[in-house]
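There are 2 protein chains.
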Amino acid sequence: MTTFVLDGKLAADTFAVATLGLCDLRLMNDRRWPWLILVPQRPDKVELHDLTPLDQTMLTFEMGIAAQALKAVTGCEKINIAALGNIVRQLHVHIIARNTGDAGWPGPVWGYGTAEPYQPEDARKLALAISNAL
Amino acid sequence: MTTFVLDGKLAADTFAVATLGLCDLRLMNDRRWPWLILVPQRPDKVELHDLTPLDQTMLTFEMGIAAQALKAVTGCEKINIAALGNIVRQLHVHIIARNTGDAGWPGPVWGYGTAEPYQPEDARKLALAISNAL
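Taken in order, these protein sequences are the chains called A and H.
So for the first sequence, the UniProt record's numbering puts the first residue at 1; every next one is plus one.
So for the second sequence, the UniProt record's numbering puts the first residue at 1; every next one is plus one.
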């Protein structure tokens, strides 16, 4: 059995928020949008449908609680959820808080401009608020 | 109880593929990428987590079979799945077949260039192939 190791680019671009039943929940280090990443702790999975049916159901549940926590903490207008993986192949799900007039609105966030890192204290506070809202 | 009516923009931009247990499965009229849309037949839902837990599980299952059918028919390298809704608020899920070097690769498809409509016969053939692969 292969051990799960978080992809190096995901690790470098995110902060830890919480460890859920299936997923590692992370905060993207880009203050333009409150942006969570769920990474199922299953090695060698690339597509959502590669997960077992039970893991797919777990992921759906964890996407729901993460999205609701993000919405509660940010008061955002719309949640964007996506599993793309064109660049990082390790299976991961984006959950992003969007608002009219934010960077790139109403287009997608991926590939838009350049990431603006948080002040470490701001990232820590947001990660804690989201963790508390789960 | 409100009756479900497909959003006008989604109706105008897509072809019917199949009616599943929860969702209307549609083909986006843009031949740059084989691109399916799943629309849960539930009125007034905006976010995935607005669905009941049972409907969320049904949607997860239907996303899986639609993605596997799309992959089987197209032989694509990667599936992109997303629920955005920044423009069309009626809850819908994109399932897109992606390949290295396709239009906009490795960026997202939304907002990239201009849709290139199918010849009607080509859309009909692709929709039928996907329906048969479900």
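Backbone N, C-alpha and C fix where the C-beta goes; we use that ideal spot for every residue, glycine too.
Neighbour flag for A/GLN90 against chain H, beta carbons, 8 Å: no
Contacting residues, own chain, Cβ-Cβ under 8 Å from residue 141 of chain H (five flanking each side not counted): The structure shown does not extend to residue 141 of chain H, since chain H is modelled only from 1 to 134, so the question has no answer here.
Residue nearest to A/GLY64 in terms of C-alpha spacing, selected from H/ALA127, H/LEU38, H/PRO53: H/PRO53
N- and C-terminal bounds of the beta strand (DSSP E) containing A/PHE61: Segment 53 to 74 is the alpha helix (DSSP H) holding A/PHE61; no beta strand (DSSP E) there.
Counterpart residues of H/ARG42 in DSSP-defined beta bridges: According to DSSP, H/ARG42 bridges with nothing at all.
Segment limits, alpha helix (DSSP H) that includes A/LEU6: Note, A/LEU6: premise wrong, no alpha helix (DSSP H); not H, not E.
For A/CYS76, the nearest candidate out of A/PRO40, A/LEU91, A/TRP33 (CA to CA): A/TRP33
Cβ neighbour criterion (16 or more within 10 Å) applied to H/ALA127: buried
Distance, H/LEU6 Cα to H/HIS49 Cα: 20 Å
Span of the beta strand (DSSP E) around H/LEU25: 23 to 28
Cutoff 7 Å; reference residue 136 of chain A; Cβ partners in own chain excluding five residues on either side: This structure gives no information on residue 136 of chain A, because the portion of chain A shown stretches from 1 to 134.
Contact with chain A by H/TRP35, beta-carbon distance below 8 Å: no
Per DSSP, the bridge partner or partners of A/ARG98: A/LYS78
A/ALA18 - containing beta strand (DSSP E), residue span: 14 to 19
Which of helix, strand or coil DSSP assigns to A/ILE130: helix
Beta carbon of H/LEU36 nearer than 8 Å to that of H/CYS23: no
Chain B within 8 Å of H/ARG98, Cβ atoms only: Given the protein chain composition of this structure (A and H), no chain B is represented.
Exposed unless 16 or more other CB atoms sit within 10 angstroms - verdict on H/GLU62: Buried is the call here.
H/GLN56 burial status per 10 Å Cβ neighbour count (16 or more: buried): buried
Reduced DSSP category for H/LEU91 - H, G, I as helix; E, B as strand; rest coil: coil
Reference A/ARG31, options A/ASN132, A/GLY85, A/HIS92, A/THR74, closest by Cα: A/THR74
Chain-ordered residues of the stretch 20 to 52 of chain A with a beta carbon less than 7 Å from chain H: GLU47, LEU48, HIS49
Interface residues of chain H facing A/ASP119 [CB-CB closer than 9 Å]: Here residue 119 of chain A is Gln; the residue named in the question, Asp, does not match the sequence. Within chain H, no residue comes near A/GLN119; the closest Cβ sits about 28 Å away, beyond 9 Å.
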